[in-house]
Structures are given as C-alpha cells and as structure tokens.
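Here is the structure we will look at, set down as structure tokens.
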Amino acid sequence: MSFDLQAVIDSLKSNSPDTILDIKAFRNETTLLIKKEKIQEFCQYLKNNFDFKFIVDITAVDYLERKTPRYEVVYYLHRFGPEYSENVRIRLKVEVPEEDTRVLSVTPVWSGANWLEREVYDLFGIEFVGHPDLRRILMPEEYDAHPLRKDFDVRNREPSKRCFEKDLKEGESGTS
Amino acid sequence: MGVNTNPVLGGDGFITTKLSSFANWARKNSLWPMPFGTACCAIEMMGVFASRFDLSRFGAEVVRFSPRQADLMIVSGTITYKMASVCRKIYDQMPEPKWVIAMGSCTCGGGPFDSYAVVQGIDEFLPVDVYVGGCPPRPEALIDAVMKIQKKIEREGAPIV
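Chain order of the listed sequences is A and B. Residue 0 is where the first sequence starts when you use numbering that gives the first Met the number 0, and the numbers rise one by one after that. Residue 0 is where the second sequence starts when you use numbering that gives the first Met the number 0, and the numbers rise one by one after that.
Written as structure tokens, this is what we have:
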C-alpha cells in the first residue's frame, strides 16, 4: 500500500487546525505553513507518526520590503520508502517577524538539524531556541553581521577584514 | 693546456663564478614548492606535478607539504578572509629566501567572487612574485610562471642595469 500524503495532510488539518495555517500544492510539491510556536511539536509528530525521519535541509528567506513578516524559515523533510512510491518529501515554512527572530529548534527532533540551524543562524541571524550549540559555522567567530540578509551589501568586505586583521594580530603574538 | 685537461680536477675542467651566482643557480634549479591549493586550480596544479607536464623537468618536483621545507608557495584557488590568515601564517613559516606564485584569477584579483567573504587578490596580504591568470590556467602557464621565478632568482643580487 502506498503512502497517501493527501490523506495525511487532511488528517493533520482536521486534528490540528491551529498549527497548519496554510497548505499549498504545486507540481507535486506540498508546502505547509506552520505556526511558529508549534514547529518543534509538529516536526516531532510528523517524525513519530509518519516516518519523516530525515531532515534534508533547513534554510531561510529574507523578504525585506516585500512581505511582512520579514523572514521565513523553510524545512525540507523526507520520508524513506520502503516502496519507491512511498518516498515522500514535504516542505514546512515558518514565518518569523523582524522584531523577534527566535524559532524553536528542531535539533531535539533530528540531530542532523544541528549544523543546518547553525548555518541559518550564521547567515540570517535567526536564533534557534533550544539548540545545544548555537555558534557560527561558516563565518569567523567574531564576525558581526549576517551576510545573507537583504539589507547587507554583498560586497561589504569590512566585517571580514576586521576579523582577518584580528586573526593576524593574534597569530603574531602566538606561536607561529 | 686546455681547460679539460687540468689534472687537479681529474680532467673534468673547472668553472669560475661568483658565490652568489652559484647559490642562485642552485636555488633556481631546486625549487621546493609548497602547494596551497584551495579550489579547482589545485587540480590543475597537480596535473603540472604529474607525469604528463612533469614540473620535475624544471627541478621543482619535491612538493613539500610542510612550509618549513619549502621555498616556493603556489597559492592556487579562491582565498577567503577566513583562509587568508592561515595562508599568511604558512607563508610566515617558510624560511627565507621564498617566492610566491598567485595561480588563477581568484588569487590574482578575486575572480568571479566579488563578495563579502573573498579576498580580492592575495597581494592584499602576501608579496606575490608572479601572477598567473586563467580560470584555471593551463599547466603550461604555471610552468611558465615557474620559469619566470627561475629567471628572477637568477638575477637576484645582480647589479641593476
């Protein structure tokens, strides 16, 4: 018997109407807009009951001056077979306002989310509450900007230069 | 009495030169490169070291992965600001005399990456001797760069004309 995503979505919608704010289906891709406070709980529910055991990716979008709330955090979930037709992907979105960029972490649900959330934190400055180790992952530790935000000039090398010069100074005083 | 029959040298002849010229001659024919490969240019650099192009024909086959034993740094690949301090530190660890080749567009001027993280040319923090353009440069271009370094070493200490 194949996995019926539509039936799952229908049951989710009727069971938790205040969690799922919107459902979009486009070219066999399903996107659910989830209430921000419920994301961790909802992911746990999907994992436990419908075998969405794999977090493919977590990313974010900055809709500066295009939309409020400004940010969206996007989760790609995958469910493995066993049949080919039972391989299902689903996309979850959470809207994050500019004033309060905190979202509940899903690392307690999938430990694979750890570095993905660190990346989103690094580049977009979205804080994941309950993350065990929320540090920058790509940019230098003392970097003081979030470069993928739309109000950050992509050619602005000043923050990088500051970190580089600091690194050089520390290198001179330390053992080289 | 011809040069080749000198009995003191066992019949092998002799050469007269200056000590500095002799040192330059030795240096230029035994460059020990330190490969600093961070991206696709490094693959091309490996091609230069391998048998088809064979940099050992120019005396530079002893690739040292320790900067302490190298005198030619080949920076091949995009250098980000996060990597730049590492690159500089490795350069500082190399003993004098030392030379630097900037291989590829990225190291020469940032290449296509006009972004917040990428150094726009490694001459921002390293004294570069030879720039090699291209994305990536052909192996012949890198060989040419090594030969240019050799020429530069040859002239080291010579009076400026």
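Just so you know, even glycine gets a beta-carbon here, dropped at the ideal spot from N, CA and C.
- Counting every other CB atom within 10 Å of its CB across the protein chains shown gives Asp-166 (chain A) a total of 16 or more, marking it as buried.
- Per DSSP, the unbroken beta strand (DSSP E) holding Lys-23 (chain A) starts and ends at 19-25.
- Between Ile-100 (chain B) and Asp-128 (chain B), the C-beta spacing is below 8 Å.
- Comparing alpha-carbon positions, the option among B:Gln-92, B:Asn-23, B:Arg-63, B:Gly-109 lying closest to Gly-132 (chain B) turns out to be B:Gly-109.
- Relative to the Cα of Val-128 (chain A), the nearest Cα in the group A:Leu-122, A:Ile-136, A:Glu-116, A:Pro-139 belongs to A:Glu-116.
- A Cβ-Cβ contact shorter than 8 Å links Arg-90 (chain A) with Thr-30 (chain A).
- For Asp-132 (chain A), the nearest beta carbon of chain B is not closer than 8 Å to its own beta carbon.
- With contacts defined by Cβ atoms closer than 8 Å, Val-61 (chain B) and Trp-31 (chain B) form a contacting pair.
- The C-beta of Glu-94 (chain A) has 16 or more other C-beta atoms within 10 Å across all chains shown, which makes the residue buried.
- Put simply, the backbone Cα of Lys-37 (chain A) is about 10 Å away from that of Tyr-44 (chain A).
- Shown here for Ile-89 (chain B): same chain residues with a beta carbon closer than 8 Å to its own, the five before and five after excluded, namely Met-33, Phe-35, Pro-66, Met-72 in chain order.
- Among the residues facing chain A, Arg-87 (chain B) is included, as its CB has a counterpart in that chain under 8 Å away.
- Put simply, the CB of Val-119 (chain A) is far from chain B, with every gap to its CB atoms at 8 Å or more.
- Considering only beta carbons, the part of the segment 116-130 of chain B lying closer than 7 Å to chain A consists of Ala-116, in chain order.
- Interface criterion met: the Cβ of Tyr-80 (chain B) is under 8 Å from a Cβ in chain A.
- Between the beta-carbon of Ile-57 (chain A) and that of Val-119 (chain A) there is about 6 Å, and that keeps the pair under the 8 Å contact cut.
- Cβ proximity to chain B below 8 Å picks out nothing from the segment 0-25 of chain A.
- The CB of Ala-38 (chain B) never comes closer than 9 Å to any CB in chain A; the least such distance is about 16 Å.
- Taken in chain order, the complete beta strand (DSSP E) segments of 3 or more residues contained in the segment 25-69 of chain B are 32-36.
- In the structure shown, Met-102 (chain B) adopts extended strand secondary structure according to DSSP, grouped into three states.
- In the three-state reduction of the DSSP assignment, Ser-10 (chain A) falls in the helix class.
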